[in-house]
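Novice: Quick one: the structure is below, and I'll ask about it shortly.
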Amino acid sequence: MTLIHEINTFYDVQQLLKKFGFIIYFKDKNDVYEMMEQELHSLYSYNLISKDDYIKSKLVISQRKNEH
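So for the sequence shown, this note's numbering puts the first residue at 953; every next one is plus one.
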C-alpha cells in the first residue's frame, strides 16, 4: 500500500506516519527519530507500507540524524 508517491523530506515521513494516526513529539530529537523508525518498522512488517516507502523513510530519518 502506497499512500505517498514520493518521500523526499522529513515532513513527507511525518505525513506518512500521520496517515496511520502516528504523531510523534518528544523533547529529545533522537527519541523522535527512534520512535519514528520503530513505527515505520511496524507498518512495514504488517505490509501497510511498501518496501520502497520504508527504505526511503529510513534514509530520510538517517540523513536527519546526521544533520543534528
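Glycine included, C-beta positions come from ideal geometry on N, C-alpha and C.
1) Thinking just about the alpha-carbon of each residue, which of 959, 1020, 1013, 971 is nearest to the one in residue 990?
2) Does the beta-carbon of residue 985 have 16 or more other beta-carbons within 10 angstroms, so that it is buried, or is it exposed?
3) If you check the beta carbons only, do residue 969 and residue 976 fall under 8 angstroms apart?
4) When you compare each of 1003, 1015, 994 to residue 972 by their alpha carbons, which one comes out closest?
5) In three-state terms, what does DSSP make of residue 958?
Specialist: For this structure:
1) 1013
2) buried
3) yes
4) 994
5) coil
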